[in-house]
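If you read the sequence shown in our numbering, its first letter stands for residue 69, the second for the next number, and so on.
Scroll down for the structure; my scribbles are underneath it.
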Amino acid sequence: GHISLLPRGENRKTRAASSPAGSAEMLGSCISLEKCGTSQSFVIPTFWVVFAVQMVLIPGGVFTMGTHEPEIQQDGEGPARRVHIDSFYMDQYEVSNQDFERFVNSTGYITEAEKFGDSFVFEGMLSEAVKADIHQAVAAAPWWLPVKGASWKHPEGPDSSISSRMDHPVLHVSWNDAMAFCSWAGKRLPTEAEWEYSCRGGLENRLFPWGNKLQPKGQHYANIWQGEFPTNNTAEDGYKGTAPVSAFPPNAYGLYNMVGNAWEWTSDWWAVHHSPQELHNPKGPSSGTDRVKKGGSYMCHKSYCYRYRCAARSQNTPDSSASNLGFRCAAAAPGPR
């Protein structure tokens, strides 16, 4: 009863703005129509938006995953391969601080960063006072500093707050934390293939979710680094750190910030060698040590982290957390596929 389905073309912003506040919490387990006591099946010519839970129904199809022209060889971006994906739901936005707070208030969940007592923060976000207390860094990337008390609630350490960033992506969440949230919401993490298929928005062999030009007609389409990394952030796109999850234009599927802003966890284990054969709904390797993250973040610059491309990928251990790493959820589509 609460889920409203709208065809593409209607004013999403207006309708989304008028949907009842808190409906995502109320409808956590009422994502697929079959769970809501209805059983009708219908043909969906394009995509529809599920406003109550801010999810988009992604139509099934075939796409080219990866690329024949990898930019970062060691990341396993190639080979380009044909992949079939069944229709599924994808969160329209990255999970926000407000969303995550609702989850924590409802469950009492404690994140891994809180249990460990620290998390990695980009030095450019830290006060001199906080930096003065830190005497170790990541050798290969000295701009990453372990900050005591850094967590989703305190992204730059105990003296920082998210009160002015409730609509920004939640950060300092591990893969395990993301899994816990998705499970609570009646959802799951997307596979890497689902994520990349969603990112591309129906476009074939393009660099970005909107095409091949980083800034079409001079417009910024994603929250990434401008200037010289890591010393000079000119913030030409309007943001030095994260941006609201609804910032910048959506892709053709109506998804926001698929690249830039915050890295996003996927359900796949990490591997760099992929079969070139055609696959249906691949779920990645059966085991591993790291999980795949996609999309890049506000820290990505072509000079060192050209990973705000659809085919780009990276990885972290499932208990890792950082000030540029978040997630969004997916869910199964109802009825026959």
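Every residue gets a Cβ at the ideal spot worked out from N, C-alpha and C, and that includes glycine.
Taking just the CA atoms, how far does residue j sit from residue i?
| i | j | result |
| --- | --- | --- |
| H342 | M234 | 38 Å |
| I230 | L125 | 30 Å |
| F156 | A209 | 37 Å |
| F184 | M367 | 24 Å |
| A290 | Q204 | 32 Å |
| S354 | W338 | 10 Å |
| G269 | W263 | 10 Å |
| G279 | A197 | 43 Å |
| D387 | P226 | 20 Å |
| F110 | D154 | No answer about F110 holds up, because its pLDDT of 40 lies below 50 and its placement is not dependable. |
| R46 | F316 | What is shown of the chain runs 69 to 405, which leaves residue 46 out entirely. |
| C373 | E145 | 14 Å |
| D358 | W243 | 10 Å |
| G134 | A380 | 8 Å |
| N325 | Y161 | 7 Å |
| M247 | N301 | 33 Å |
| M193 | A311 | 14 Å |
| N349 | P298 | 38 Å |
| L282 | G328 | 12 Å |
| K274 | G176 | Note on residue identity: the sequence assigns Arg, not Lys, to residue 274. So the alpha carbons of these two residues sit roughly 42 Å apart. |
| H288 | Q122 | 24 Å |
| L323 | G295 | 27 Å |
| S365 | S174 | 29 Å |
| E139 | E182 | 36 Å |
| W252 | D245 | 11 Å |
| G217 | K351 | 35 Å |
What does the Cβ neighbour count give for residue i, buried or exposed, with the cut at 16 atoms within 10 Å?
| i | result |
| --- | --- |
| P318 | buried |
| G90 | Summary for G90: the model assigns pLDDT 34, below 50, so the residue's position carries little reliability; its value from the coordinates is reported in the next sentence. Looking at its Cβ environment, which holds fewer than 16 other Cβ atoms inside 10 Å, G90 is exposed. |
| R150 | exposed |
| D201 | exposed |
| I292 | buried |
| E332 | buried |
| T259 | buried |
| G306 | exposed |
| E402 | According to the sequence displayed, residue 402 carries Pro and not Glu. Buried, because 16 or more other Cβ atoms sit within 10 Å of the Cβ of P402. |
| V206 | exposed |
| T385 | exposed |
| P277 | buried |
| K199 | exposed |
| K285 | exposed |
| G363 | buried |
Rounded to whole angstroms, how far is the Cβ of residue i from the Cβ of residue j, which I believe are closer than 8 Å?
| i | j | result |
| --- | --- | --- |
| V241 | S389 | 6 Å |
| V340 | D143 | 7 Å |
| Q147 | H136 | The question names Gln, yet the displayed sequence has Pro at residue 147. The Cβ separation is near 6 Å, so the contact holds. |
| A398 | R256 | 6 Å |
| F190 | N392 | 7 Å |
| V215 | R396 | Wrong, their Cβ atoms sit about 25 Å apart, outside the cutoff. |
| V313 | H236 | 7 Å |
| S219 | S187 | 6 Å |
| V172 | G394 | Their Cβ separation, rounded to whole angstroms, is 15 Å, which puts V172 and G394 out of contact at 8 Å. |
| Y321 | F131 | In fact, because the Cβ distance is near 12 Å, the residues do not count as touching under 8 Å. |
Give the range of the beta strand (DSSP E) segment to which residue i is assigned.
| i | result |
| --- | --- |
| R170 | Premise fails: R170 lies in the alpha helix (DSSP H), 165–175, not in any beta strand (DSSP E). |
| A332 | The residue asked about is misnamed: residue 332 is Glu in this sequence, not Ala. Residues 331–337. |
| W212 | 212–216 |
| K361 | 359–362 |
The alpha helix (DSSP H) spanning residue i covers which residue range?
| i | result |
| --- | --- |
| S251 | 243–252 |
| R268 | 260–268 |
| G197 | A quick correction: the sequence has Ala, not Gly, at residue 197. First-last of the alpha helix (DSSP H) with A197: 196–200. |
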